[in-house]
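Asks: First residue of the sequence shown? That's 207 in our numbering, and the numbers climb one at a time after it. All residues carry an ideal CB built from backbone N, CA and C; glycine is no exception.
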Amino acid sequence: MKKVYLVGAGPGDPGLLTIKGMECLRKADVVVYDRLVHPSIVGHARPDAETIYVGKASSDHTMRQEDINRLLVEKALQGKTVVRLKGGDPFIFGRGGEEAEELATEGVEFEIVPGISSAVAVPAYAGIPVTHRGLCSTLGIVTGHEDPSKTSSSIKWDKVATGIDTIVFLMGVENLPNIVSELVANGRNSSTPIAVIRWVTRPEQETITGTL
Ligand SMILES: C[S@@+](CC[C@H](N)C(=O)[O-])C[C@H]1O[C@@H](n2cnc3c(N)ncnc32)[C@H](O)[C@@H]1O
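1) Does Tyr211 pass the burial test, meaning 16 or more other C-beta atoms within 10 Å, or should it be called exposed?
2) Can the beta-carbon of Val236 be found less than 8 Å from the beta-carbon of Ala255?
3) Please go through the same chain and pick out, in chain order, the residues whose beta-carbon is closer than 7 Å to the beta-carbon of Glu317, but skip the five residues on each side of it.
4) I need the boundaries of the beta strand (DSSP E) containing Val213, first residue and last residue.
5) What residue range does the beta strand (DSSP E) around Thr415 cover?
6) What residues in its chain sit with their C-beta under 6 Å from that of Asp240, if we drop five residues either side in the sequence?
7) Tell me, please, whether the segment 293–304 touches the segment 322–336 by the rule of three or more beta-carbon pairs shorter than 8 Å.
8) Does the segment 304–315 come into contact with the segment 327–337, if we say contact requires no fewer than three beta-carbon pairs (one atom in each stretch) closer than 8 Å?
9) Between Asp371, Met377, Cys342, Lys226, which has its C-alpha nearest Ile403's C-alpha?
10) Is Glu352 helix, strand or coil when you go by DSSP?
11) Given the structure, does Pro217 come close to ligand 3, in the sense that its CB is under 7 Å from one of the ligand's heavy atoms?
12) Is the segment 242–255 close to the segment 268–277, with three or more CB pairs under 8 Å?
13) Excluding sequence positions up to five away, which residues of its chain have a Cβ less than 7 Å from the Cβ of Tyr259?
14) Does DSSP put Pro245 in a helix, a strand or coil?
15) Find out if the Cβ-Cβ distance for the pair Asn381, Glu352 is shorter than 8 Å.
16) List the whole-angstrom C-beta distance separating Thr417 from Ser396, where the pair is believed to meet the contact cut-off of C-beta under 8 Å.
17) Within 10 angstroms of the Cβ of His244, are there 16 or more other Cβ atoms? Answer buried if so, exposed if not.
18) How about Met269: is its Cβ closer than 7 Å to a heavy atom in ligand 1?
19) When you compare the CB positions of Pro217 and Thr337, do they come within less than 8 Å of one another, or not?
20) How far does the beta strand (DSSP E) with Leu291 in it extend, from its first residue to its last?
21) At a cut-off of 7 Å, is Ser323 close to ligand 1 when judged by its beta-carbon and the heavy atoms of the ligand?
22) In three-state DSSP terms, what is Gly321?
Right, here's the structure in full:
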């Protein structure tokens, strides 16, 4: 049995992959990769490596998470060195925790190779420091993907709205009206400056600024 590396590929630009992540790719027999991973990062794999796309858009799941978990275990049990390549950092809204749990349960050796998360890289590329002396001392990273029809939210909106200076929402576009109304209803000043940022590190990168 070989090892599985859960590798963060960074926020898009292939230059933001870590050296350790690249080294893992070069020795991999199998690379299992996501939608937001730049193709040239997958290109660091050996020509004879097997590459498997399991990308997920919010409405289009190529492979279910449970099947991805099984795939990692099966490939490792076949004696293959596996790289599970994920956008940003594997443990920030990347479901890397679930994959690690499955590997641990099945007794498969694994290692986490952190990546540069979009949670900090995206604001940075838009010129926004997420902390700034004298302006903000606390930073929160929140999922923007909670279903608004859920009977009870696992986000403590009252605390998020008033207890954190800079709040970064990932996967927030579809739920933007709900996010804004929850923040305002729970006490965030509607004059709070906001930025909506997409496609960071790509030519299509775009930032829209305004207030809540
Ligand atoms: C499923 S989450 C995964 C986050 C990832 N694990 C990380 O640490 O960056 C994907 C979300 O990250 C954000 N994201 C990732 N890459 C981005 C980029 N290049 N530009 C803007 N947002 C990005 C978007 O909100 C997207 O919906």
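Replies: Looking at the atomic coordinates:
1) buried
2) Cβ distance < 8 Å, so Val236 and Ala255 count as in contact.
3) Lys209, Tyr211
4) 210–214
5) Residue range 412–417 is occupied by the beta strand (DSSP E) that includes Thr415.
6) Gly261, Lys292, Gly293
7) Cβ pair count under 8 Å is three or more, so yes.
8) no
9) Met377
10) coil
11) Ligands present in the displayed structure are limited to ligand 1, and ligand 3 is not among them.
12) no
13) Tyr239, Thr268
14) Looking at Pro245 - three-state DSSP - the assignment turns out to be helix.
15) Yes, the pair counts as a contact, with Cβ atoms nearer than the cut-off.
16) 7 Å
17) buried
18) no
19) no
20) 288–292
21) Indeed, a heavy atom of ligand 1 lies less than 7 Å from the Cβ.
22) coil
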